[in-house]
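Here the protein sequences come in this chain order: A and B.
Quick note on the numbering used here: the first sequence kicks off at 1 and runs consecutively.
Quick note on the numbering used here: the second sequence kicks off at 471 and runs consecutively.
Just so it is clear, CB atoms sit at the ideal spot from N, CA and C, and this is done for glycine as well.
Contents: one structure, followed by commentary.
Protein chains: 2
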Amino acid sequence: MISALRLRHGISRILLDWSERLGEEFCMTPELQDLFTFLRFPSISTDSRHTADVRACAQWLITKLSGMGLAVELHETARHPIVVARNEHRVDCKTVLIYGHYDVQPVDPLALWQNPPFEPEIREGKIWARGATDNKGQMLAHILGVEKTLREQGELPVNLIFLFEGEEEIGSPNLAPFLREHREALRCDVIAVSDTGMVAAGVPTMGYGLRGIACAEVTLRGPKGDLHSGIYGGAVANPATAIARLVASLHDSNGKILVDGFYDDVRPLEAWEREMWQQIPGVADADFLAVTGSPSVFGEEGYSSAERVWARPTAEVNGIGGGYQGEGSKTVLPAEAFAKFSFRLVPDQDPKDILEKVRAHFEKHCPAGVSIDIYIGHDGKPYLADPHSADGKAAQRALTAAFGSEPVLIREGGSIPIIQSFREILGADTLLLGLALPDCQIHAPNENFPVANFEAGILLNQHLLRELGA
Amino acid sequence: MISALRLRHGISRILLDWSERLGEEFCMTPELQDLFTFLRFPSISTDSRHTADVRACAQWLITKLSGMGLAVELHETARHPIVVARNEHRVDCKTVLIYGHYDVQPVDPLALWQNPPFEPEIREGKIWARGATDNKGQMLAHILGVEKTLREQGELPVNLIFLFEGEEEIGSPNLAPFLREHREALRCDVIAVSDTGMVAAGVPTMGYGLRGIACAEVTLRGPKGDLHSGIYGGAVANPATAIARLVASLHDSNGKILVDGFYDDVRPLEAWEREMWQQIPGVADADFLAVTGSPSVFGEEGYSSAERVWARPTAEVNGIGGGYQGEGSKTVLPAEAFAKFSFRLVPDQDPKDILEKVRAHFEKHCPAGVSIDIYIGHDGKPYLADPHSADGKAAQRALTAAFGSEPVLIREGGSIPIIQSFREILGADTLLLGLALPDCQIHAPNENFPVANFEAGILLNQHLLRELGA
Chain A
1 MISALRLRHG
11 ISRILLDWSE
21 RLGEEFCMTP
31 ELQDLFTFLR
41 FPSISTDSRH
51 TADVRACAQW
61 LITKLSGMGL
71 AVELHETARH
81 PIVVARNEHR
91 VDCKTVLIYG
101 HYDVQPVDPL
111 ALWQNPPFEP
121 EIREGKIWAR
131 GATDNKGQML
141 AHILGVEKTL
151 REQGELPVNL
161 IFLFEGEEEI
171 GSPNLAPFLR
181 EHREALRCDV
191 IAVSDTGMVA
201 AGVPTMGYGL
211 RGIACAEVTL
221 RGPKGDLHSG
231 IYGGAVANPA
241 TAIARLVASL
251 HDSNGKILVD
261 GFYDDVRPLE
271 AWEREMWQQI
281 PGVADADFLA
291 VTGSPSVFGE
301 EGYSSAERVW
311 ARPTAEVNGI
321 GGGYQGEGSK
331 TVLPAEAFAK
341 FSFRLVPDQD
351 PKDILEKVRA
361 HFEKHCPAGV
371 SIDIYIGHDG
381 KPYLADPHSA
391 DGKAAQRALT
401 AAFGSEPVLI
411 REGGSIPIIQ
421 SFREILGADT
431 LLLGLALPDC
441 QIHAPNENFP
451 VANFEAGILL
461 NQHLLRELGA
Chain B
471 MISALRLRHG
481 ISRILLDWSE
491 RLGEEFCMTP
501 ELQDLFTFLR
511 FPSISTDSRH
521 TADVRACAQW
531 LITKLSGMGL
541 AVELHETARH
551 PIVVARNEHR
561 VDCKTVLIYG
571 HYDVQPVDPL
581 ALWQNPPFEP
591 EIREGKIWAR
601 GATDNKGQML
611 AHILGVEKTL
621 REQGELPVNL
631 IFLFEGEEEI
641 GSPNLAPFLR
651 EHREALRCDV
661 IAVSDTGMVA
671 AGVPTMGYGL
681 RGIACAEVTL
691 RGPKGDLHSG
701 IYGGAVANPA
711 TAIARLVASL
721 HDSNGKILVD
731 GFYDDVRPLE
741 AWEREMWQQI
751 PGVADADFLA
761 VTGSPSVFGE
771 EGYSSAERVW
781 ARPTAEVNGI
791 GGGYQGEGSK
801 TVLPAEAFAK
811 FSFRLVPDQD
821 PKDILEKVRA
831 HFEKHCPAGV
841 SIDIYIGHDG
851 KPYLADPHSA
861 DGKAAQRALT
871 AAFGSEPVLI
881 REGGSIPIIQ
891 SFREILGADT
901 LLLGLALPDC
911 QIHAPNENFP
921 VANFEAGILL
931 NQHLLRELGA
């Protein structure tokens, strides 16, 4: 994909850096040493066995930020702590809040990792570890950009607030309450977040929209224990068959969602978006196939792949299970089966409304002969902002300076519910300055982050502070 | 259920024994000591980590049978050995082959067991262990019935052949070839097997039919690795959704199987069977609900629960899986998903024919956007015999003598493919003299076998040898 991009975009500085350094032994700079230390904390927020690791990671952050001369606070929450740091604020400066998260996703299936997920390695110009991209690598680029600016200029051109949480991967349950409680202390003019993607290597990218999310889990129960499928099969319902029938009720064969009213509040794409996105490299069907390895693209009729991901909602099964999972065969009729769902939502869908519609759908379509247990999980609203505001243009100049080419403007398929909370509670819009590449494998085995993106990210933050403070 | 049975059947000797002994400390008789030793071998045939345990179990059998004065042979197969033992045969005696299997099912989910599955315990008058019922308890009742007869009478009234295999739970792949190779040495007049069920405690039961089985596993593959469901969700097919849609294509909402031609060769129930089965205790809908704990019975319209299990075919999901299986949520779009199937077949369905029809169904109904991999597993034909033959009547007299009441005549929902092979290769029919109760939890956690059934089984075998040899 890189050579195609060169033809279309010229050879950007980042690509030159990249090709010059392929095969090079990377020097363990102080910046990379910091990142490796940060990555070694197994700060998996969803898994209660890692609670102490999440806290240890927060403690390391406090030490790092204090050492830069910032005033640092650790705030307890019901689960994992929030870290806030700031410089000395001046009345004549713009206030910029930079947000990141130091928690990470689980790592299973562990057997598919090429190196242990919390023992980072550099291979092929990339840092391989859980969290390398999402979000520790991008978050540390913020921190080190600030550190370099402070070292070079003695002070920052803006009032800075760092806000780092440890619960993003479980839906940030305690961050919105924290924002409400500390609304005055966190008051700011604009927010910057690097937790999204670049459309392709070397193509700086600014996001102005995010999908929302709504999660649910369904367990269907039949017999009180696993049964012999010969002795009882045919006389009682099989929960594994039933969960399959329930999941199958969610879509038609073309991938359209069949939950009553699901599309009622979906805002249609605007003509300029559809036109711009056709020009953006790295998001054609062929790119999706190359990156995902899927045998074909598949989705709602009448939309391109980019449109399906950035501007159309989904009903995705994240996990399904029931009965025998091991080698060979075991002829049981399982006692229960489950499915875990996440729904990606777009403006102007409301997660609570969607979850009520989904619950009604599950109850209506639950097959006979089993009992149903519906667990409603976390949710977050979709987000849409104006990419042509003054701060938006400042961010685009910083991207151009850091990467050597003009950024493209996109929405994102992922969800950062807190961005919507920032708008609602703090009244500020967010600049989405993502550094992730399509093959960074976030949330999957072998997550990785190009060293070049890490270094460009540090540079981007130096320019961003200058442009916003100008 | 026991008190209801007393009203309908009188108080059989076995029930009196039972109620007198509730709460009693069971004396560890030599017979129970033998059974405990037999049960301690974790002879799980499907799991290659237990290959040595299966062999050790066979070695113990050889020692036991040799000690009884029988001539014993161990025959190697491609996987687990076959043990054959016989007395000195005489030309004027009927030859009886007794078959059993010393291998057992896997034990997961281990956390649901009340005692470790290979550390047998007696509680509530039952022996709790993997294999207690299926088949070690029932198989040892054969052996100990023979041992007692030999001890009391010095010789057996029949020519005996014991045939014990270690691969029943993986579909007996090497037994039919073994029968063909040793057809002459295994020639017999009738075969006895205790690997089926009694309809209820204290109700002696003779089976004359078995369902066949055909197994298959399907894996659907989409992306090359798990994907972030936000960044890619909507643009590529989700294998977990796809496997659910494929599974859902197998049945209509009433449980009727939709595979083309699936019912073509199903032999209708005869009027006398439907009439007799209505009278049999322990197989009413209420009994199925009590034993299984399912919220309701469920199955093909127009048939009773007993008819659905004994004389109608099924398409059962034994396991389904894909994506995140752990605690909490992980918003992945999984790379692959699988389902393991077993089809229970009735006369005159042919397993190979059904598996071809199933393969065609899966290929036809495979959703778009994923690749399909179909693995065809083991199979066995259904079986039906005449319960009113001379040997059948002899077996019914032995059951009456051992249990103190007349046996009921049923088919079985389970599958013992080898019974069909016995008929085809050795030309002999099989007496199905099952001792399992509906709540023995075979193939499931907390498998158990009543001590009373174990003792009645030993007595049954003594009577059986006498009746068949008369």
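Between the Cα of residue i and the Cα atoms of the options, which residue gives the shortest distance?
i, options, result
"P751(B)", "K596(B), G672(B), A807(B)", "G672(B)"
"W780(B)", "Q279(A), G234(A), I62(A), K256(A)", "G234(A)"
"K126(A)", "E455(A), N448(A), H463(A), G469(A)", "N448(A)"
"T400(A)", "R187(A), G100(A), D350(A), P204(A)", "P204(A)"
"I886(B)", "I824(B), T711(B), I683(B)", "I683(B)"
"V158(A)", "H182(A), V96(A), A200(A), G207(A)", "V96(A)"
Give me the Cα-Cα distance between residue i and residue j, rounded to the nearest whole angstrom.
i, j, result
"D348(A)", "I191(A)", "22 Å"
"G145(A)", "L460(A)", "7 Å"
"T292(A)", "V218(A)", "27 Å"
"F632(B)", "Y569(B)", "6 Å"
"G692(B)", "A284(A)", "18 Å"
"R549(B)", "L907(B)", "31 Å"
"G322(A)", "L815(B)", "23 Å"
"P382(A)", "L210(A)", "6 Å"
"L32(A)", "A290(A)", "29 Å"
"A85(A)", "K330(A)", "56 Å"
"L65(A)", "G377(A)", "33 Å"
"D373(A)", "K340(A)", "12 Å"
"D34(A)", "A452(A)", "16 Å"
"A456(A)", "A242(A)", "50 Å"
"H612(B)", "E770(B)", "37 Å"
"R650(B)", "A710(B)", "43 Å"
"S229(A)", "C685(B)", "12 Å"
"P920(B)", "Q911(B)", "12 Å"
"A785(B)", "E806(B)", "22 Å"
"S766(B)", "F808(B)", "27 Å"
"L938(B)", "A655(B)", "20 Å"
"H365(A)", "H75(A)", "44 Å"
"M206(A)", "R466(A)", "18 Å"
"E270(A)", "A237(A)", "47 Å"
"F41(A)", "L432(A)", "26 Å"
Can you say whether residue i is buried or exposed, counting buried as having 16 or more other CB atoms within 10 angstroms of its CB?
i, result
"E137(A)", "Reading the sequence as shown, one finds Gly at residue 137(A) and not Glu. Buried: at least 16 other Cβ atoms inside 10 Å."
"Q575(B)", "buried"
"G897(B)", "exposed"
"L258(A)", "exposed"
"H858(B)", "exposed"
"D734(B)", "exposed"
"A522(B)", "exposed"
"L492(B)", "For L492(B), the pLDDT reaches just 46, beneath the cut-off of 50, and the residue's location in the model is therefore unreliable, although a value from the coordinates is still provided. Burial call: exposed."
"M609(B)", "buried"
"S515(B)", "buried"
"S472(A)", "Beyond the ends of chain A as shown, which are 1 and 470, falls residue 472(A); an answer cannot be given."
"V199(A)", "buried"
If the criterion is Cβ atoms closer than 8 Å, does the pair residue i and residue j meet it?
i, j, result
"G434(A)", "D252(A)", "no"
"G798(B)", "I170(A)", "yes"
"K94(A)", "I458(A)", "no"
"V54(A)", "G131(A)", "no"
"G380(A)", "Q325(A)", "no"
"G725(B)", "F768(B)", "yes"
"I701(B)", "G413(A)", "yes"
"F634(B)", "H559(B)", "no"
Pull up the CB-CB distance for residue i and residue j, whole angstroms please, since I reckon it's below 8 Å.
i, j, result
"S43(A)", "D103(A)", "5 Å"
"A868(B)", "L825(B)", "In fact, because the Cβ distance is near 38 Å, the residues do not count as touching under 8 Å."
"W113(A)", "P120(A)", "That pair is no contact at about 12 Å."
"P334(A)", "R245(A)", "That belief does not hold up - the Cβ atoms of P334(A) and R245(A) are roughly 14 Å apart, past 8 Å."
Contacting positions in the region 672 to 688 of chain B - beta carbon closer than 8 Å to chain E: Chain labels in this structure do not include chain E; the protein chains are A and B.
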